[in-house]
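Residues in the sequence shown are numbered consecutively from 462, following the working numbering.
Heads up: the structure comes next, in C-alpha cells.
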Amino acid sequence: LVTKRIRRGLHEDPPRLARELHENVPRITSSLYPGRFGTVDLLFNNAGVIGECDKGVLSSSAATWRWVLDTNVMGIIHGMQAFVPEMEAEGGEKHIVNTASAAGLYSQHRATMAPYVASKHCAFVACQALNTELTLRGSNVQAHVLCPSIVASNLVNTSRYFLSQHAEVGGEPDETSRKFDQRLNSEGMSAAQVADLTFAGIEAGNFLIVTHPKITRERVDARHAEIVHAINLQPQSGF
Numbered sequence: 462l463v464t465k466r467i468r469r470g471l472h473e474d475p476p477r478l479a480r481e482l483h484e485n486v487p488r489i490t491s492s493l494y495p496g497r498f499g500t501v502d503l504l505f506n507n508a509g510v511i512g513e514c515d516k517g518v519l520s521s522s523a524a525t526w527r528w529v530l531d532t533n534v535m536g537i538i539h540g541m542q543a544f545v546p547e548m549e550a551e552g553g554e555k556h557i558v559n560t561a562s563a564a565g566l567y568s569q570h571r572a573t574m575a576p577y578v579a580s581k582h583c584a585f586v587a588c589q590a591l592n593t594e595l596t597l598r599g600s601n602v603q604a605h606v607l608c609p610s611i612v613a614s615n616l617v618n619t620s621r622y623f624l625s626q627h628a629e630v631g632g633e634p635d636e637t638s639r640k641f642d643q644r645l646n647s648e649g650m651s652a653a654q655v656a657d658l659t660f661a662g663i664e665a666g667n668f669l670i671v672t673h674p675k676i677t678r679e680r681v682d683a684r685h686a687e688i689v690h691a692i693n694l695q696p697q698s699g700f
C-alpha cells in the first residue's frame, strides 16, 4: 500500500507526497521495521535535491527554499529520528551514514544554488550534533557524515523534473543547470567509487568521510583563512 501510494504521488503531486512522507515517517517505519525485514545494522540516510541551479538567495522562490530544505535537511532528520532509537534498542554494532556534501564544509562564493548549499551546511551540523549526542551517551550506534564533491549523477535533471511540474520552470534546463549537469557527469566520481570510500570510512571509524580530500582541503583552508581574517578585523572587546 505504501509503495503504491508513493508511485501514485510521484506522478500526481510530488510536493504533497513529500509532505505526507515527512509527517508519517515514524508510522511508515514502524509498519516495516523491526521484524518484517530483520534488523538494521547499516543505515544510509541520503536525501538530496538541488533546486534551481541558476537562482540565488533572492531569486529562489519560497517554494523552492521549502522544497530543498524539507528534503535535504528534514529528510535526514526524519531518518535519524525514526531509525536510531530502534537501532540502539537492538544493541550490537550499528552505523548510520548521513549524506551531506563537501559544499557544506566551505564558503559559498557563487551567486547561485543558495538553497542547496545552505541545506548542506545545515545537514552537516545536524549530523555533527547527532554524533556528539550518541558519543556522550556511549551509544552502540556510530554516526558518519558523507561529504562528497562532484559525483556523476542525475541530480540536476531530477530536480528539473519536479520543478517543471510544480513551479514556473520550463522543461528545458537553463544554461547554468546544463553546464553543471555536464560537469557532474564528465568530471564526477562514479557512485561505485563513492561507495568504496564510504565503506572504507565506516571500517576506519571516521565520523567525517570525504571523497575528494585535495579540493576539499583547499577550500576548507580558504574558508578558515577568510574567517580568521574577518575576526582579526574586529575591535578587541576583551572577550
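All residues carry an ideal CB built from backbone N, CA and C; glycine is no exception.
Treat the numbers as computed from the prediction; the structure is a model and nothing was measured.
In terms of residues, what are the limits of the alpha helix (DSSP H) holding residue i?
| i | result |
| --- | --- |
| Val545 | 536-551 |
| Gln589 | 575-597 |
| Val702 | Any answer about residue 702 is impossible in this case: the structure gives the chain only from 462 up to 700. |
| Leu658 | 652-665 |
| His690 | 674-693 |
Could you check whether residue j and residue i sit closer than 8 Å to each other, using their CB atoms as the reference points?
| i | j | result |
| --- | --- | --- |
| His605 | Ile538 | no |
| Gly512 | Ser620 | yes |
| Thr672 | Ser610 | yes |
| Val545 | Val602 | yes |
| Asn559 | Ala584 | yes |
| Lys581 | Asn533 | yes |
| Thr573 | Thr637 | yes |
| Gly517 | Ala575 | yes |
| Ile670 | Leu658 | yes |
| Phe668 | Asn592 | yes |
Does the beta carbon of residue i sit closer than 8 Å to a beta carbon anywhere in chain B?
| i | result |
| --- | --- |
| Val612 | The structure shown contains no chain B, having only a single protein chain. |
Roughly how far, in whole angstroms, is the beta-carbon of residue i from the beta-carbon of residue j, given that I think they are within contact range, below 8 Å?
| i | j | result |
| --- | --- | --- |
| Leu645 | Leu607 | In fact, because the Cβ distance is near 17 Å, the residues do not count as touching under 8 Å. |
| Val689 | Gly649 | Not really, about 32 Å apart at Cβ, beyond 8 Å. |
| Ser568 | Arg639 | Wrong, their Cβ atoms sit about 25 Å apart, outside the cutoff. |
| Asp515 | Asp635 | 5 Å |
For the beta strand (DSSP E) containing residue i, name the first residue and the last one.
| i | result |
| --- | --- |
| Ala604 | 602-608 |
| Leu704 | Only positions 462 to 700 of the chain appear in this structure, which leaves residue 704 out of reach. |
Should the stretch 500-511 be called in touch with the stretch 554-564, which here means at least 3 C-beta pairs below 8 Å? yes
Meets three-Cβ-pair contact criterion under 8 Å: the stretch 676-691 and the stretch 559-578: Enough Cβ pairs lie closer than 8 Å, so yes.
For the stretch 502-533, list the alpha helix (DSSP H) runs that are entirely contained and at least 4 residues long, ordered along the chain. 523-530
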